[in-house]
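Protein sequence lines, in the order shown, are assigned to chains Z and U. The first sequence runs 1 to 354 under the working numbering. The second sequence runs 1 to 354 under the working numbering. Where is the CB? At the ideal position from N, CA and C, for every residue including glycine. None of the values given here were measured: they were computed from a predicted structure. Since the structure comes first, as structure tokens, the remarks are kept for the end.
2 protein chains.
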Amino acid sequence: MARRIRRSTGPLDHRAHAILRAVIDEYVLSATPVGSLALVERYGLGVSSATVRNILAELELSGLLTHPHTSAGRIPTDEGYRWYVETIMESALMPEVEQLMIRHQFGQVESASEHWFRLAASTIATITRSAGLATPAKPAAAHVRRVDLVAINDRLASLVLVLREGALKQVLVNIESGTSQDTLTAVAARLNGLVTGRTATDIARAVRRIPDDLPEADLIRRVGDRIVRTLREYDVDAVEDIFSDGLLNVMGAPEFAQSDKLRRVFSALENRAYLGELVGTVAATGDVSVFIGHENAPADMREVALVLAPYGQPGRAVGVVGVLGPTRMAYPQAIGTVRFVSGLMNELIDHLYA
Amino acid sequence: MARRIRRSTGPLDHRAHAILRAVIDEYVLSATPVGSLALVERYGLGVSSATVRNILAELELSGLLTHPHTSAGRIPTDEGYRWYVETIMESALMPEVEQLMIRHQFGQVESASEHWFRLAASTIATITRSAGLATPAKPAAAHVRRVDLVAINDRLASLVLVLREGALKQVLVNIESGTSQDTLTAVAARLNGLVTGRTATDIARAVRRIPDDLPEADLIRRVGDRIVRTLREYDVDAVEDIFSDGLLNVMGAPEFAQSDKLRRVFSALENRAYLGELVGTVAATGDVSVFIGHENAPADMREVALVLAPYGQPGRAVGVVGVLGPTRMAYPQAIGTVRFVSGLMNELIDHLYA
DNA sequence: GTTAGCACTCTGGCATGGAGAGTGCTAACC
DNA sequence: GGTTAGCACTCTCCATGCCAGAGTGCTAAC
């Protein structure tokens, strides 16, 4: 039963691509395989269903569409979506009303930039009705802006690091019994001189040069070492936190009706290693990146698509915002939303750290 | 077809309770309705299946067991689980090996107490193979330990609050163009005198008493107001954060094989209002609390059980750790684990803030 | 009070069959 | 040449019926 080939697999013409687009648009809406009749009825193609069938067969030969079984309509392959995404990538924009709405929301969160990325995830989730993802902006190497030491009890103090990038770090350090808060304050003042604006490597060097005859040299050195260690941990930590919102949206998608599929999506989301890797890749590029189905290395991710964009200042601190949803995703909307939100966050950060 | 009653619904004797316990133990293991034959075979009851059937009928009359359909075995009702939990509540303990394992894990997280509650959730999830829940310890009213002001740019400064309870808060404040870091440091020093050890209400009073002729009185007042507002928000925020881990464990349970049930569980978890309310209730008690199925008010929660315990110092800062799983839960283990972990966290906190 | 025996009931799995949807091919058409 | 009508074919989906298995509830005997 060899399939008869009507035409050698040459380049697909304009009409074929129009039909491919129609199949994808329709499938994204309906989530059911799209037949030739439905296409001619709902999209003014000006040809009969038989002609459409011929073209569908060609598209299938080219690997852009597929067939769940003989007597079913077509569904797009990952390659089909890929083609679709390439063609709409540049033009995808958000409606102005939504842009204003989002701006308004971000305007209301006056305070810490720490909350921006959470807001980004939840905004994206609401608008795209998929899962929204966001990571905090993280520097390649953290710079200390300020150090603080506060006694907690006789033997412990809390070391607070304020980073130039807006983050806070707190760790506990052991102190000798009887060290007063005044001593700690003095030590902190001395350390501030050493560490302000510096990264882990610089600070390590500075700590080594502390003269022995300095008052409390020992304590200063010990806390200094602790600062270095904390910064190093922070730097190495590939992606400290991937915040997600709107997982329930994804759960509602018909492709995840069987709960084992759903489970795979979730274990994928807990696969921080891969997401972290992607964040790295995306951060290096300037614009929106899309990862569709099997383009994702981990098997758990083969049924979802990711639309990610970096934000922040390259070389200083970058984070990522994005969408996770089924491969059957409204890509134009997702791309437009993610692009707009990342751009907005750039604006905000520029404005803040100008 | 009126059901014939063998005996008036008097109190159930010892044997009936032994059988009830056997049904629950068996059902928790197998997740399938338990028949009379399976009971006599697997539990040395010393009576025939017919006798067991009579007793099962009694238990059903008392509302402790139920029947999915005529020819199926028995499954426990929420009331059945409730009885079970009451009888084992006191005796539930963790195996010593696991206790040591957990102690070891907690010992390795030397640094910030902020990470303890996350570790608690993940430990509980691993051991009970359900979802682990934990909230950070939160004071009834936050006390400030220290204030810090760091310039970010010409018009903005970062205000950092270190709370007595171990938490950190950061917000941005507007400053007048040209304010130097030295001025900010001086303002912070002045504020430290005003706020240290105080709560929002006290600080509000102190701010009102700042004399006008103090240098930078204006800025001090503005930042002081901001501190008060930040603290008030923090105090009001019923439950800032409910951290969960091991959701995948719950997803694997056969009762959630249909993804709509799963969805309900998840939307329940996003129902912070109810969880927050529970946290309040539990925090007021001393020991483990169990909420089974329909004992939970929200409809979404009717198919899950919660085992929660408070930790921390009553009157200072309290948080909650716990388990969320199907009502068919290994209660002895869950209760033992939660009790142990909350006790351990108490120990750690006592040790830290002694 | 306990137990053997038995009729009865309900589920779950499996095969059957028809309706519906959609394809692929052929032959006619422009 | 491309396009189209027509039609046989294929596959899913759903309802139906049937049977084995599990477990009950009742009765009558111990």
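Proximity test, Cβ basis, 8 angstroms: Z:I88 and chain U: Sequence index remark: in the first sequence, residue 88 of chain Z carries index 88 (1-based). Not an interface residue.
Z:H67 Cβ short of 7 angstroms to the ligand SAH heavy atom set: Looking for the ligand SAH in the displayed structure turns up nothing, as the structure carries no ligands at all.
8 angstroms contact criterion, which Z:T183 and Z:T337 should meet: CB distance rounded: On the first sequence, residue 183 of chain Z is found 183 positions in, with the first residue counted as 1. On the first sequence, residue 337 of chain Z is found 337 positions in, with the first residue counted as 1. Wrong, their Cβ atoms sit about 53 angstroms apart, outside the cutoff.
Z:V23 in three-state terms, based on DSSP: By one-based count along the first sequence, residue 23 of chain Z stands at place 23. DSSP places Z:V23 in helix when its eight states are reduced to three.
Anticipated Cβ contact below 8 angstroms, Z:L269 with Z:F291, distance rounded: Mapped onto the first sequence, residue 269 of chain Z falls at position 269. Mapped onto the first sequence, residue 291 of chain Z falls at position 291. About 14 angstroms; that fails the 8 angstroms criterion.
Option in Z:L161, Z:Y331, Z:H351, Z:L344 with minimal Cα separation from Z:S91: Taking the first residue of the first sequence as position 1, residue 91 of chain Z is located at position 91. From the listed residues Z:L161, Z:Y331, Z:H351, Z:L344, the smallest Cα separation to Z:S91 is found for Z:Y331.
CB contact check: U:R368 to chain Z, cutoff 8 angstroms: No answer is possible for residue 368 of chain U: it lies beyond the span of chain U, which begins at 1 and ends at 354.
Candidates U:D78, U:T135, U:T230: closest to U:V304 by CA position: Position 304 of the second sequence, counting from 1, holds the residue named residue 304 of chain U. If we check each option's Cα against that of U:V304, U:D78 comes out closest.
Three-pair Cβ contact test at 8 angstroms for the region 163-173 of chain U versus the region 129-141 of chain U: When Cβ pairs closer than 8 angstroms are counted between the two stretches, the region 163-173 of chain U is seen to touch the region 129-141 of chain U, the count reaching three or more.
For Z:A200, the first and last residue of its enclosing alpha helix (DSSP H): By one-based count along the first sequence, residue 200 of chain Z stands at place 200. Looking at the DSSP string, the run of the alpha helix (DSSP H) that includes Z:A200 is 200-208.
Per-residue burial, U:V436 [other beta carbons within 10 Å of its own, 16 or more giving buried]: Residue 436 of chain U lies beyond the range of chain U shown here (1 to 354); nothing can be said about it.
Other residues of its chain near U:S49: CB distance less than 7 angstroms, five sequence neighbours each side excluded: One-based indexing of the second sequence puts residue 49 of chain U at position 49. Excluding sequence neighbours, U:S49 sits near S36, L37, V40.
Rounded separation between U:R339 and U:V320 - CA only: Indexing the second sequence from 1 puts residue 339 of chain U at position 339. Indexing the second sequence from 1 puts residue 320 of chain U at position 320. Each residue's alpha carbon lies about 11 angstroms from the other.
Proximal residues of chain Z, C-beta to C-beta of U:E270 below 8 angstroms: Taking the first residue of the second sequence as position 1, residue 270 of chain U is located at position 270. Correct list: L248.
Other residues of its chain near Z:A206: CB distance less than 8 angstroms, five sequence neighbours each side excluded: If you number the first sequence from 1, residue 206 of chain Z lands on position 206. Once the five neighbours on either side are set aside, the close Cβ partners of Z:A206 are L194, V195, R198, G224.
Close beta carbons around Z:A317, own chain, < 7 angstroms, minus the five adjacent residues each side: Your numbering for residue 317 of chain Z matches position 317 in the first sequence. Counting only Cβ-Cβ distances below 7 angstroms, and skipping sequence neighbours, we find A137, K138, P139, E165.
Whole-angstrom distance between U:P314 and U:L324, CA atom to CA atom: In the second sequence, counting from the first residue as 1, residue 324 of chain U sits at position 324. In the second sequence, counting from the first residue as 1, residue 314 of chain U sits at position 314. The straight-line gap from Cα to Cα measures roughly 24 angstroms.
Beta-carbon contacts of Z:S267 that lie in its chain and below 7 angstroms, excluding the five residues immediately before and after: Mapped onto the first sequence, residue 267 of chain Z falls at position 267. Hits under 7 angstroms: D300.
Residues that DSSP places opposite Z:R146 in a beta bridge: Position 146 of the first sequence, counted from the first residue, corresponds to residue 146 of chain Z. Answer is Z:V162, bridged to Z:R146.
Z:R190 classed as buried or exposed, judged by whether at least 16 other C-beta atoms fall within 10 angstroms: By one-based count along the first sequence, residue 190 of chain Z stands at place 190. That one is buried.
Beta-carbon proximity of U:P76 to U:V23, cut-off 8 angstroms: Taking the first residue of the second sequence as position 1, residue 76 of chain U is located at position 76. Taking the first residue of the second sequence as position 1, residue 23 of chain U is located at position 23. Yes. Within cutoff.
Spatial neighbours of Z:M94 in its chain, beta-carbon cut-off 7 angstroms, leaving aside the 5 residues before and after: The residue labelled residue 94 of chain Z in the question sits at position 94 within the first sequence. Counting only Cβ-Cβ distances below 7 angstroms, and skipping sequence neighbours, we find G336, T337, F340.
Under 8 angstroms from the C-beta of Z:R103: neighbouring residues of chain U: Here residue 103 of chain Z corresponds to residue number 103 of the first sequence, with the count starting at 1. Here the premise fails: no neighbours, minimum Cβ distance about 18 angstroms.
Close-in-space but distant-in-sequence residues of the same chain around Z:S342 (CB under 7 angstroms, 5 per side omitted): Here residue 342 of chain Z corresponds to residue number 342 of the first sequence, with the count starting at 1. Result list for Z:S342: A309, P310, Y311, V321, in chain order.
Proximal chain Z residues relative to U:G280, where beta-carbon distance stays under 8 angstroms: The residue given as residue 280 of chain U occupies position 280 in the second sequence. Result: empty, since nearest Cβ-Cβ is about 24 angstroms, beyond 8 angstroms.
Residues of the region 211-227 of chain U with Cβ closer than 8 angstroms to any Cβ of chain Z, in chain order: Among the residues of the region 211-227 of chain U, none has a Cβ less than 8 angstroms away from any Cβ of chain Z.
Beta-carbon contacts of U:G73 that lie in its chain and below 6 angstroms, excluding the five residues immediately before and after: Walking along the second sequence from the start, residue 73 of chain U turns up at place 73. Taken in chain order, the residues that qualify are P33, V34, G35.
Whole alpha helix (DSSP H) elements within the region 28-54 of chain U, 4-residue minimum: The qualifying runs are 36-42.
Inter-stretch contact (C-beta, 8 angstroms, three-pair minimum) for the region 153-161 of chain Z and the region 169-183 of chain Z: Contact between the region 153-161 of chain Z and the region 169-183 of chain Z is present, because at least three Cβ pairs lie under 8 angstroms.
Neighbour list for Z:M251 in chain U, Cβ cutoff strictly below 8 angstroms: For this step, residue 251 of chain Z is matched to residue 251 along the first sequence. At a beta-carbon threshold of 8 angstroms, the residues of chain U lying near Z:M251 are S259, L262, R263, F266, ordered along the chain.
Same chain, Cβ closer than 6 angstroms to U:I5, neighbours up to 5 away in sequence not counted: For this step, residue 5 of chain U is matched to residue 5 along the second sequence. Confidence at U:I5 is low in this model, with a pLDDT of 35, below 50, so the placement of that residue is unreliable and no value is reported for it.
Distance CB(U:R118)-CB(U:I55) smaller than 8 angstroms: Translated into the one-based positions of the second sequence, residue 118 of chain U becomes position 118. Translated into the one-based positions of the second sequence, residue 55 of chain U becomes position 55. In this structure, U:R118 sits away from U:I55, with a CB-CB distance that is not shorter than 8 angstroms.
Contacts that Z:F256 makes with chain U (C-beta to C-beta distance below 8 angstroms): Here residue 256 of chain Z corresponds to residue number 256 of the first sequence, with the count starting at 1. Contact annotation for Z:F256 against chain U: S259 [CB-CB distance below 8 angstroms, chain order].
Continuous alpha helix (DSSP H) stretch holding U:V97: start and end: Taking the first residue of the second sequence as position 1, residue 97 of chain U is located at position 97. According to the DSSP assignment, U:V97 belongs to the alpha helix (DSSP H) that extends over 96-108.
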